[in-house]
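>
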Amino acid sequence: MNIAQNIEDINSKLTPFQAKLVAVSKTKPAEIIQKAYDSGWRRFGENKVQEMVEKHEMLPKDIEWHLIGHLQSNKVKYIASFVHLIHGVDKFKLLQEINKRAKNHDRIINCLLQIHIAEEDTKFGLSFDEARQILASEELKSLENICLVGVMGMATYTEDQAQIRREFSGLKSFFDEAKTEYNALTNVDFQEISMGMSGDYEIAIEEGSTLVRVGSAIFGARNYQK
Ligand SMILES: *Cc1c(COP(=O)(O)O)cnc(C)c1O
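Numbering (numbering that gives the first Met the number 0), first residue to last: 0 to 225.
Pasting the structure below:
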């Protein structure tokens, strides 16, 4: 498994679309991440707070850490000093907590609203209307230590490419609408659409993704038994 080569190959497909790659290193040991780092890569994604904290402590401090998984309010404090982007904000209450912890560290934490675009109801996320409610709320204006920089979504796990495309395209439409409507707010600055994983990132970039989250196509299959 040549990780540096895999990253390069994926990047060459993203470049024409100006999308960026988040290398999803969850379950992979720090030594593997270090190897990718040594080849020049700096942007990594993790889905568990504790795992991300441990890796942040072990690895060089100029790594850009993306939290891509579900985040519980009581865990925000562990990552508030260093996280680069939180992809999975799905509650206003969580934004309030992120704001509070960011303020303690005198920084602004960038966040994405996670939108439920898949057919399955097992995945987290806001409906488009719930996301609109957050963006339009008076309370949002008081959160000076967060910035909403876009949206994140996961398509249905299916062979049906047309369905995946429809779901991504729906997220892009919502992004465009919200950007027009809300970017005038000081803590809303829509720029990023986080969509696309190993199996569907090529469709995602065609539909306007700016950030793809790719794990197994870079690092190989994950072993959850360990
Ligand atoms: C694990 C994970 C990915 C990467 O999945 P792959 O199929 O291995 O590329 C992307 N996004 C989220 C939210 C994940 O949890």
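Cβ coordinates follow ideal geometry from the N, Cα and C atoms, glycine included.
For ligand 1, I want to know if VAL213 counts as a neighbour, meaning its beta carbon is within less than 6 angstroms of at least one of the ligand's heavy atoms.
Working through the sequence shown from its first residue, we reach residue 213 at position 214. Under cutoff, so the answer is yes.
> Short of 8 angstroms in beta carbon distance, which residues of its chain neighbour ASP188, apart from the five on each side in sequence? Order them along the chain.
Residue mapping note: residue 188 aligns to position 189 of the sequence shown, counting from 1. Within the same chain, ASP188 has close Cβ partners CYS146, LEU147, VAL148, ASN182.
> Quick check on GLY39: buried or exposed, where buried means 16 or more other Cβ atoms within 10 Å of its Cβ?
Taking the first residue of the sequence shown as position 1, residue 39 is located at position 40. The residue in question, GLY39, is exposed, as its Cβ has fewer than 16 Cβ neighbours within 10 Å.
> For ASP8, which of helix, strand or coil comes out of DSSP?
For this step, residue 8 is matched to residue 9 along the sequence shown. Residue state, collapsed to three classes: helix.
> Excluding the five sequence neighbours on either side, which residues of its own chain have a C-beta within less than 6 angstroms of the C-beta of HIS69, listed in chain order?
By one-based count along the sequence shown, residue 69 stands at place 70. For HIS69, where only same-chain residues beyond five positions count, the Cβ hits under 6 angstroms are GLY87, PHE123.
> Beta carbon of SER208: closer than 6 angstroms to some heavy atom of ligand 1?
Here residue 208 is taken as the residue at index 209 of the sequence shown, counted from 1. Checking every heavy atom of ligand 1 against the Cβ of SER208, none is found closer than 6 angstroms.
> For GLN190, name the three-state secondary structure that DSSP assigns.
Taking the sequence shown and counting its residues from 1, one reaches residue 190 at position 191. Residue state, collapsed to three classes: strand.
> What beta strand (DSSP E) runs, 3 residues minimum, are completely inside the region 50-107?
Taking only runs of at least 3 residues, the beta strand (DSSP E) segments lying wholly in the region 50-107 are 63-66, 84-88.
> Would you check if the distance between the CB atom of ILE107 and the CB atom of LEU125 is smaller than 7 angstroms?
On the sequence shown, position 108 is the one that residue 107 refers to. On the sequence shown, position 126 is the one that residue 125 refers to. Cβ atoms of ILE107 and LEU125: not closer than 7 angstroms.
> If you measure from the CB of MET196, is any heavy atom of ligand 1 nearer than 6 angstroms?
Taking the first residue of the sequence shown as position 1, residue 196 is located at position 197. At least one heavy atom of ligand 1 is nearer than 6 angstroms to the Cβ of MET196, so yes.
> Using a Cβ-Cβ cut-off of 8 angstroms (strictly less than) and excluding sequence neighbours within five positions of THR209, which residues of its own chain qualify?
What you label residue 209 is simply residue 210 of the sequence shown in a count that begins at 1. Counting only Cβ-Cβ distances below 8 angstroms, and skipping sequence neighbours, we find GLN17, ALA18, LYS19, GLY149, GLN190, GLU191, ILE192, SER193.
> Is the region 0-17 touching the region 64-79 in the sense that three or more CB pairs, one from each, lie closer than 8 angstroms?
No contact exists between the region 64-79 and the region 0-17.
> Pairs of beta-carbons, one from the region 39-59 and one from the region 91-111, closer than 8 angstroms: are there three or more?
Flag = no, the region 39-59 and the region 91-111 do not touch.
> My output table needs one value for ALA22: the three-state DSSP class, helix, strand or coil.
Counted from its first residue, the sequence shown places residue 22 at position 23. It is a strand residue.
> Which of the three DSSP states, helix, strand or coil, is assigned to ILE114?
Residue 114 sits at position 115 when you count from the first residue of the sequence shown. ILE114: strand per DSSP, three-state reduction.
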